[in-house]
Amino acid sequence: MSGADNPSSAETETGQHPAPAATPESPPVVEFKNVTKTYDSGTIRAFTAIENVNFTVPDRPDHGEMIAILGPSGCGKSTILRLIAGLSPQHPATTGEVLVSGTPILAPGADRGMVFQAYTSFDNRNVFDNVAFGLECCGVPRKERRELAREWIVRVGLDPDSDGDKYPYQLSGGMRQRVAIARSLILHPKIMLMDEPFGALDPTTRTRMQDLLVGLWRDLEATVFFVTHSIEEAVYLGDRIYILSTSPGTILREVEVPAPDRPAREMQREPKFVELVFEIREIIERLEAQNEEKLGG
Ligand SMILES: Nc1ncnc2c1ncn2[C@@H]1O[C@H](COP(=O)(O)OP(=O)(O)OP(=O)(O)O)[C@@H](O)[C@H]1O
Ligand SMILES: [Mg+2]
C-alpha cells in the first residue's frame, strides 16, 4: 500500500514526517530525536527497550492530533508514553532528546495528562475527589473544585448524584476509566497520554468509550497519544498510526488515516474502513516477516 495508490492513507518510511513542518514560532508539540532507552544501563541487567526513535508531532493551530501507537507486547510503547510524561525510571532517556513544545522534558507537568494501562484511581477517594485531585494539587478552592468535578463527571457520562460518592471498588472497569479520563482532562492538558485505556473493556463498552474520547478530544483540541493492540481502534481513533517493531522498539512506519467523523459502530462497518484495517494488518505482517528474516540472517 502507498499513499499514491490509496488516497485514504499515506505511508512514509521511518523518520520521515508527512505532516507539514512546524513554523519557527510554533515548535512541535512533541519531538523524539534519536531516543534510546536502556534500562539498568551500565549493569549486567542492561536492557534496551527502544532504540533510535524519531518522530515529530507538529503544532497545528486549532487541531490536536490523535496518534495511535501499535506494536507487539514488550516493544516499548509504555516506555515512549512515560518518557513523554517525564515519569521515572523511563525518564530520562539514555541517549537522544525528548522535547515538548521545543523544550527538553525535566519532570511530569500539568500540560501532560496520563491515563494508564491499569486502572489507577485513588482507592481512598470517591469519584468527586478522584476527578478533582489535580485541582486540589493546584490549590483550587473546594467549591470551585466540586463544581468543575461535577461538570466533568457528567461529560464522561457518569451521574454525579448516583456515582459521585462511590469509591473505585464500587465502580466497573469502564466507569473507572471514565473517572481516570475526567481526572486528566479537567486540567486541560495540551497532551494526553493514554496507555491501552480500553484494553480490559468489553467490545460494546469499548466502542462507547471510543466515541466518548473522540467527542472530548474535539472540544479540547489536545494532542492525544493512544497505545492500543487493536488495529480497528487505531484506525478509528488515529489521525496517524505509528507502527513499532519488536524489541528494541523503533518506529517502522507512520501511516496517516482519516479522522473519525461518525460513531465507531457506524464507521467500523464500512467497506473502506474494513479495507484499511486489512491493509494495516498486512503492513504489520510484512514488517514482522522482514524483521524475522533480519534476525534469522
Ligand atoms: N523499569 C523497567 N526495568 C527494566 N526493564 C523494563 C522496565 N520497564 C519496562 N522494561 C522492559 O522494556 C521493554 C518494553 O516495555 P514496555 O512496558 O514499554 O512495553 P509495551 O510495548 O508497553 O508492552 P505491552 O504491550 O505488553 O504493554 C519490555 O521488555 C520490558 O520488560
Ligand atoms: Mg505497555
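Per the working numbering, residue 6 is the first one in the sequence shown, and the count goes up by one each step. Note that the Cβ used here is the ideal one computed from N, Cα and C, for glycine as well.
Original post:
In chain order, what residues of the same chain lie with their CB nearer than 7 angstroms to the CB of E237, ignoring the 5 residues before and after it?
Top reply: So the list reads Q273, V282, once near-sequence residues are dropped.
**OP:** Confirm the yes/no value for this check: CB of S167, any heavy atom of ligand 4, distance under 7 angstroms.
**Re:** Ligand 4 is absent from the structure shown, which contains only ligand 1 and ligand 2.
**OP:** Give a single yes or no on whether Q175 has its beta carbon closer than 7 angstroms to a heavy atom of ligand 2.
**Re:** The answer is no for Q175.
**OP:** Would you mind giving the Cβ-Cβ distance between P32 and S93, rounded to the nearest angstrom? I have them listed as a contact below 8 angstroms.
**Re:** With a Cβ gap of about 25 angstroms, P32 and S93 do not count as contacting.
**OP:** Provide the residue span of the beta strand (DSSP E) that contains E259, from first to last.
**Re:** Segment 256–261, the beta strand (DSSP E) holding E259.
Subject >> Selection from L88, D45, A137 that minimises the alpha carbon distance to G114 >> reply: Looking at the Cα atoms, L88 is the closest of the given residues.
Subject >> Those runs of the alpha helix (DSSP H) which lie wholly inside the region 171–244 and span at least 4 residues >> reply: Qualifying alpha helix (DSSP H) stretches, in chain order: 178–190, 208–225, 236–242.
Subject >> Segment limits, alpha helix (DSSP H) that includes T153 >> reply: Correcting the residue type first, residue 153 is Leu in the shown sequence and not Thr. Per DSSP, L153 belongs to the alpha helix (DSSP H) from 147–160.
**OP:** Take D45 and list the residues in its own chain whose beta-carbon comes closer than 6 angstroms to its own, dropping the five residues that flank it on each side.
**Re:** The answer, listed in chain order, is A51.
Original post:
According to the Cβ coordinates, are R65 and N135 closer than 8 angstroms?
Top reply: Contact: no.
Original post:
In the structure shown, what three-state DSSP assignment does T84 receive?
Top reply: When DSSP states are grouped into helix, strand and coil, T84 belongs to the helix group.
**OP:** Tell me, please, whether the region 70–77 touches the region 117–125 by the rule of three or more beta-carbon pairs shorter than 8 angstroms.
**Re:** When C-beta atoms of the region 70–77 are compared with those of the region 117–125, fewer than three pairs fall below 8 angstroms, so the two segments do not count as touching.
Subject >> Per-residue burial, R117 [other beta carbons within 10 Å of its own, 16 or more giving buried] >> reply: Classification of R117: buried, given that the 10 Å Cβ count is 16 or more.
Original post:
Within 10 angstroms of its Cβ, does K42 collect 16 or more other Cβ (buried), or is it exposed?
Top reply: By the neighbour-count criterion, in which a residue is buried when 16 or more other Cβ atoms sit within 10 angstroms of its Cβ, K42 is buried.
Subject >> Beta-carbon gap between L163 and L153 smaller than 8 angstroms >> reply: Not closer than 8 angstroms, so no.
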